[in-house]
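Residue numbers for the sequence shown follow the numbering used here, so the first one is 2 and each next one is one higher.
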Amino acid sequence: MARSERKSGSSSDSELVFVGLGGLGEIGMNCYLYGLGPERSRKWMMVDLGITFPEGEFDPGIDVILPDTKFIEAHVKDLCGIVLTHAHEDHFGAVIELWPRLKAPIYASPFTATLLKTKLAEQGGRHNLPIREVPLGSTFEVGPFSIEFVNQAHSIPEPNGLAIRTPHGLVYHTGDWKFDSAPGVGLPPDESRIRAIGEEGVRALICDSTNVMRDGRSPSEEEVGASITRIIKKAEQCVVVTLFASNVARILSVAKATRAAGRRLVVAGRALHRVIQVAIETGYLPPDFIYADQQRFSDYRRDEVVALLTGSQGEPRAAMARIADNSHPDISLAKGDLTIFSSRTIPGNEKSVGRIQNALARMGVDLVTDQDALVHVTGHPRREELKQLYGYLKPEILVPMHGEMRHLREHGKFGRAHGIAEVVVPVNGEIVTLGPGKPAVVDEAPVGRIYRDGSLLIGAEDMCIRERRKMAVVGVIVVSLVLSRNGKMLDDPEVVMEGIPSQRPGGGAMEDIVLDVVEGTIESIPPSRRRDIETVREAVRRAVRSSVDQVWGKKSVVRVMVSMLDVK
Ligand SMILES: [Zn+2]
Ligand SMILES: [Zn+2]
């Protein structure tokens, strides 16, 4: 990749730039910016604002990660809008929390807009977000950018590709997509529109890289529906199906399979209820879509019911996990029942999903996963589909997005091998010029991660995370001392230990080691120097830490508080 020699701030000519604040080097936390104009007076548009989950890292107390938007916050008056491609959490999950920092109008198609409004209402709607609902297939303006929504297929209704028209050419930003002529709900991908955009001339293709390692084409949602129907028809007892709540096509496939088997559908899990309501409201499920709430489960015979559940990723509080450990208030499983995991296990969730599957297996419940049968299909393009899109659009430039580093690099190679002349593989924060002239990384924007910690948002580099990580492993010892000005201990030291083994080897309390070493340390400091609180604090801290380390083999966190009183 060419890195231009140009220094930041030296360009007075208008140009079109692209930068990812998330999503370039990870599958998740998608957040991209397009900028137009001379560097000093650039107008910006944001595409997507999603979350990700900690994966393999040790971040105690953190379960949601958001992109750090400080770069665009510094240009917030020039941010003309936030365009959402679709309603998956990795594309729109950070909108409600980060909007107060950005305050730009939000553009979304009806399903995405309705789901966002529903979530906002459920959370108490502290801010009245300016959500502009944009019809499918329509064209609208965001500052100097002209945006056209293009119908695609994916694993949620209304995954829009964006044709972004600028004075420096047209950019096609795919969002998440696949080619599927039978997507189950909604319109199939608008291939003739995509072809027409290609004929208009495409400067750059910014493209989903998730499945670039996989050959061939992804199966259709219709085939998954047929396979689930066959499995449910053969089942002899209760069937439960767990899936991604937002997969409306799959909800419909399972509902149809349930009816075809002469069974009734029961739904458990708040996220599923929310999505079903929004899908009915926006026309993706029929107004008379029939399902019963989970409380009705026991009203039916076990061989006449199919339960649809949240929790396919092993989320501990979701319906699937509670059924697996027999703590669900309404639904229980028994030997000979069948559980279908109509989902893919997202990397990082293997252990929690495995735990649930083992618990079900212990009960004698039969399992079907995407490893056993066609009960799930990806929503992302495989190689043949990528080739087909290149063929339609014939872009001059390819920028891979929505992938880990290995996916992005592979996608870059694949694009080059299939005739795309210019390929740029930026990481988060690298500012790429897309025109005029040769594309290149020309500058860098500050990027990072924000953690949702309880009800606060904190920087990933916040010390509290490092402290928490440390204390979780080595515990904490707090020592409180009261000294007189001439250095006499006025009372026994107080010691609090959390997360430290209570017994020392050979018997006796660990606390005694601490008390002994505190007294010994104070005595070892000459009385004249005991007046300096800092000296006392640091000496005691070091001594306690090393004496506990000697018996335990771990350096715990030690905090020492010293009060000095004016008594003779
Ligand atoms: Zn998606
Ligand atoms: Zn995505």
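Every residue gets a Cβ at the ideal spot worked out from N, C-alpha and C, and that includes glycine.
Cα atoms of Lys555 and Met511: separation of roughly 13 Å, rounded to the nearest angstrom. Spatial neighbours of Ala109 in its own chain (CB-CB distance under 7 Å, excluding positions within 5 residues in sequence) are listed in chain order as Leu85, Leu117, Ile132, Glu134 and Val135. For Met406 and Met464, the gap between their C-alpha atoms comes out near 28 Å.
Sequence-distant partners of Gly94 (beyond 5 residues in either direction) whose C-beta falls short of 7 Å from its own C-beta, in its chain, are Gly51 and Ile52.
Going by beta carbons, Ala261 and Thr230 fall inside the 8 Å limit.
By the neighbour-count criterion, in which 16 or more other beta carbons inside 10 Å mark a residue as buried, Ala319 falls on the buried side. Comparing alpha-carbon positions, the option among Ala360, Gly26, Asp79 and Asp513 lying closest to Ser548 turns out to be Asp513. Judged by pairs of C-beta atoms under 8 Å, the stretch 538 to 553 does not touch the stretch 454 to 463, as fewer than three such pairs exist.
Residue ranges of uninterrupted beta strand (DSSP E) with 3 or more members, entirely inside the stretch 17 to 59 and ordered along the chain, are 32 to 38 and 44 to 48. Here Leu309 really is in contact with Leu266; their C-beta atoms are around 6 Å apart, less than 8 Å. Taking the C-beta atoms as reference points, Ile357 is found nearer than 8 Å to Met321. If you ignore the 5 residues before and after Ala360, its C-beta comes within less than 7 Å of the C-beta of Ala325 and Asp326, all in its own chain and listed in chain order. Shown in chain order are the residues whose CB sits closer than 5 Å to a heavy atom of ligand 1: His89 and Asp177. Gly170 and Leu394 do not touch by the CB rule: their CB atoms are close to 12 Å apart, not below 8 Å.
When rounded, the separation of the alpha-carbon atoms in Ile432 and Phe19 is 6 Å. Rounded to the nearest angstrom, the gap between the Cα atoms of Thr140 and Glu192 is 17 Å. In this structure, the C-beta of His128 stays at least 7 Å away from each heavy atom of ligand 2. The three-state reading of DSSP puts Ala544 in helix, counting H, G and I together. Assigned with DSSP and collapsed to three states, Asn359 falls in helix.
Fully contained in the stretch 144 to 214 are the following beta strand (DSSP E) runs of length 3 or more, in chain order: 146 to 152, 161 to 167, 170 to 174 and 205 to 209.
Set against 7 Å, the gap from the CB of His169 to the closest heavy atom of ligand 2 is not smaller.
Of all C-beta pairs linking the stretch 61 to 69 to the stretch 435 to 453, three or more are shorter than 8 Å, placing the two stretches in contact. For Met498, the CB contacts under 6 Å within the same chain, skipping 5 residues up- and downstream, are Ile478 in chain order. Of the residues assessed, Pro145 falls on the buried side of the cut-off, its CB having 16 or more other CB atoms within 10 angstroms. Asp177 is not a Cβ neighbour of His274, given a cutoff of 8 Å. The DSSP-derived three-state label of Thr346 is coil. Membership of Ile252 in any beta strand (DSSP E) is not indicated; the residue belongs instead to the alpha helix (DSSP H) covering Val249 to Ala261. For Glu16, the CB contacts under 6 Å within the same chain, skipping 5 residues up- and downstream, are Thr434 in chain order. Between Pro506 and Val552, the C-beta spacing is below 8 Å.
At a cut-off of 7 Å, the beta-carbon of Asn31 counts as near ligand 2: some heavy atom of the ligand is closer than that. Nearest Cα to Asp331 within the set Gly349, Asn350 and Asp300: Asp300. DSSP places Arg486 in the coil class of the three-state scheme, outside both helix and strand.
Within its own chain, the residues whose Cβ lies closer than 7 Å to the Cβ of Leu99, once the five positions on either side in sequence are excluded, are Leu50, Leu67 and Thr70, listed in chain order. Boundaries of the alpha helix (DSSP H) around Tyr393: Arg384 to Leu394. A straight-line Cα-Cα distance of about 22 Å links Phe72 and Gly404.
For Ala269, the uninterrupted beta strand (DSSP E) segment begins and ends at Arg265 to Ala269.
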